[in-house]
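Our numbering applies: residue 83 is where the sequence shown begins, and numbers increase by one.
Scroll down for the structure; my scribbles are underneath it.
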Amino acid sequence: MKKLPGYLVLLMLLNGCMLMGPDCQRPDIDSPSKWRFEETQTQKIVNLAWWKEMQDPVLNDLIHTALRENQDIKIATARIEEFLGQMAITRSGLFPRVDGGAAGGREKVTSSGRTPLPDSVSDTDNFYQAGLSASWEIDLWGRIRRENEAARANLISSEEGRRSIILTLVSAVSGSYVSLRNLDRQLEISQRTVQSRADSLRLFQMRFQGGIVSELELSQIRSEYESALATIPSTQKLIAQQEHALSILLGHNPGAVLRGKTIDELVLPAIPAGLPSDLLERRPDIRQAEQDLVAANALIGAAKTLYFPSISLTGAFGFSSVYLSDLFTGSARTWNFTGSLTAPIFQAGAIAGQIQVAEAQQQQALYQYRKVIQTAFREVEDALVDQQRTREQLAIQARQVAALADYARIARLRYDNGYTSYIEVLDSERSLFSAELSQTQTQNNLFQSMVSLYKAMGGGWVNDAEMIAGY
C-alpha cells in the first residue's frame, strides 16, 4: 500500500485543528432569588401530569387524543425531520465526496476537415468510459464545522419548539374543557332561573285575569322572564363555539365534545413549587431560544472563515477505450489529481458585510433569549397572583351567593305574607341570578389561573405528554 503524501497528511491533521469565531456560552441572567408573589402552600409536583389531578377521565382522554391527533404537533414533528435532513447535508461537507459514472457511445468525425484522416482510419468509432471521481474541501478554518454546529443547534431548537407546542396544547385543551364546563354550568343556572320565572309568570297571569295584580306587575314579571330567557341562546352559542375550538385542538372537525365531571366536581390542582432559576431548564421555549443563540453564534465563525483561503482536493480514476473488451485493461486506465487554493483578494466589503449580518443576528438572538426569560418570569408571577386573588374573590362571592339566596327566600316569604311588593322578590332573584353567574365564572377563572401557572412553570410533565404523543 502506498503512503499518503506528506502534505496531504498535514492537511488532514489541520482539518480538525482550527476553528474560527467565538464559542457560545450561556449569557449571565439576572434571575430573581424568589418569586414576588410566592405561595407558601406549594408542592414539588411540577414534573407530574397535573391535569390528572382534576380527576376527570374524560379530560384525560381528550388530552391523549389531542397529543396524538393535533395538526400543530404533526407540523412540528415534520419540521424536526426537515432539520435532521439539513444537518445531514451540512455534516456531509466534512467528508470527501465520491461519484461514479459510465458512458458509452458512437461518434463520427468528418474526413473533409482541416486535418484529413488517412484512408486506413475509420471515420466512425465507438467509445466507452467508466470511472470514479472524488472531491474534498479541507475544512482548515472550521467553516463547515461551524455550519454543522449551527445545524445541530437548529435541530435541537426545533425539538424544543415541538415541546413548546405540546406544553401549550395540554394547557389549551385543559383550559378549553374547563371553560366548556363553565358555560354548561351557566346554561344550567339560566335554564333553572327561566323555569322559576316561567312558573311565576303563569301564576301572575292567572292573578291578573282574576284582578288580583295589576298589568304593571305582570309586565315586570314578563320582563324578568324574557331577560333570563335571552341568556340561553347566547350561552348555547358560546358552548357550540367552544366545542368547535376544542375539536380543532383535538385534531378533529368541529363537532360536539364529550363531557365528564361538572365544574363543581373538578378537583383544583395543587400549586407547583419551583425557583425562578428552574425555568432556564424546565421551559422548552427558553431552551429553544438558547439553541437559536447557539446557532447564530456559530454562524459568526462560519462568516469569518471567508477571509481565509479555501483548499479543495479533487481526483479521478477510470478507464477509457474505443473497444468495450479493452475497457478495463491497463492501457485504458486514466487518472488525475488536483489541488486548488482560492483566496479572497478584493470583495468590496462583501465578507465584512456577511460578518456584520451574522453578528447582528447573534445580538438579536441574545436579546430574544433574554426577553423570553423575562416573559417567563412575568407569566409565572402573573399566574401566582392571579390564583391567589381569584381564590379570595371566589370565597367572597360564595358568601355573597349564600346571602342573596337567603335574601330571595325571605323576600318571597314577605311577599306571600303581604308584607312587601313583588318588586322586592324580583330584585332579590335578579341579584341572585347575576351573582351565581359571576361565581361560576370566577370558579372558571381559578382553574384557568392554575392551568396558566403549570404552563408558565414548565416541568417534566412535558416529557410524559411527549411520550403519550408517541415521540
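Glycine included, C-beta positions come from ideal geometry on N, C-alpha and C.
Residue from the options whose Cα sits closest to the Cα of residue i
i, options, result
"I321", "Q438, V260, G182, N152", "V260"
"L409", "G186, A430, L528", "G186"
"S240", "I368, A432, Q443, Q475", "I368"
"G337", "K343, L328, Q168", "L328"
"L262", "V544, L535, Q523", "Q523"
"F428", "Y451, E463, L395, F390", "F390"
"A371", "I492, N129, Q446", "Q446"
"S413", "G400, T420, S422", "G400"
"M169", "N230, K190, E189, S422", "N230"
"Q443", "N526, L381, E163, S513", "L381"
"K343", "D360, R267, Q530, I155", "R267"
"V404", "A160, Y501, R188", "R188"
"W223", "V376, G383, A280, L249", "G383"
"A485", "T172, V462, E461, S513", "S513"
"T396", "A377, S407, L423, I238", "L423"
"A538", "Q525, K156, E463, L528", "E463"
"E511", "R365, E363, S282, Y210", "S282"
"Q211", "A398, I550, V507", "A398"
"Y307", "F515, V544, I550, N527", "F515"
"S115", "D346, R365, P358", "P358"
"Q530", "L375, A352, Q450", "A352"
"K386", "I226, T206, D110", "I226"
"D374", "S503, N236, F419, G500", "N236"
"V533", "T206, G257, V483", "G257"
"A487", "P109, A517, F165", "A517"
"E67", "E299, R228, T313", "Only positions 83 to 553 of the chain appear in this structure, which leaves residue 67 out of reach."
"P366", "N526, W133, E548", "E548"
Through-space distance from residue j to residue i, alpha-carbon basis
i, j, result
"P104", "L448", "14 Å"
"G542", "L251", "15 Å"
"A434", "N264", "60 Å"
"A490", "G552", "55 Å"
"L86", "R415", "For L86, the pLDDT reaches just 47, beneath the cut-off of 50, and the residue's location in the model is therefore unreliable, although a value from the coordinates is still provided. Taking the straight line from one Cα to the other gives about 21 Å."
"R471", "Q438", "49 Å"
"I455", "Q302", "57 Å"
"G167", "R234", "11 Å"
"Q324", "R341", "13 Å"
"R244", "L361", "17 Å"
"Q475", "I294", "43 Å"
"V255", "I247", "12 Å"
"G431", "L388", "12 Å"
"E297", "Q287", "9 Å"
"L101", "D546", "39 Å"
"H326", "Q153", "15 Å"
"N208", "S402", "11 Å"
"Y89", "I550", "With a pLDDT of only 47 at Y89, under the threshold of 50, the placement of this residue in the model should not be trusted, and no figure is reported."
"R364", "E242", "11 Å"
"N418", "T172", "27 Å"
"L285", "R304", "11 Å"
"A355", "Q277", "46 Å"
"D108", "T275", "According to the sequence as given, residue 108 is Arg; it is not Asp. Near 60 Å, if we compare the C-alpha coordinates of T275 and R108."
"G376", "L406", "This sequence places Val at residue 376; Gly is not what is there. About 55 Å."
"G540", "E164", "26 Å"
"G333", "Q291", "57 Å"
"L95", "D221", "Low per-residue confidence applies at L95: pLDDT is 49, beneath 50, and the placement is therefore not dependable, though the value from the model is reported in the following sentence. Taking the straight line joining both Cα atoms gives about 10 Å."
"T457", "E120", "17 Å"
N-terminal and C-terminal residue of the beta strand (DSSP E) that residue i is part of
i, result
"D181", "179-190"
Beta-bridge partners of residue i, as assigned by DSSP
i, result
"G400", "G213, T416"
"D207", "E189"
"T424", "S392"
"W223", "Beta-bridge pairing links W223 to no other residue."
"W218", "L395"
Endpoints, alpha helix (DSSP H) assigned at residue i
i, result
"F515", "504-539"
"L149", "139-151"
"G292", "Careful: G292 lies outside any alpha helix (DSSP H) and carries neither H nor E."
"E308", "297-331"
"E135", "No alpha helix (DSSP H) contains E135, which DSSP labels as neither H nor E."
"V376", "366-386"
"Y451", "432-498"
"A338", "Per DSSP, A338 belongs to no alpha helix (DSSP H) and is neither H nor E."
"Q546", "In the sequence as displayed, the identity of residue 546 is Asp instead of Gln. Looking at the DSSP string, the run of the alpha helix (DSSP H) that includes D546 is 543-551."
- [ ] Please confirm if the stretch 164-182 is in contact with the stretch 206-221, defined as three or more CB-CB distances below 8 Å between the two stretches.
- [x] yes
TODO: Report yes or no: do the stretch 516-536 and the stretch 477-494 share at least 3 C-beta pairs separated by less than 8 Å?
DONE: yes
Task: Cβ pair count under 8 Å reaching 3, the stretch 136-145 against the stretch 309-318 - done: no
Task: the stretch 462-470 in contact with the stretch 496-504 per 3-pair CB rule at 8 Å - done: no
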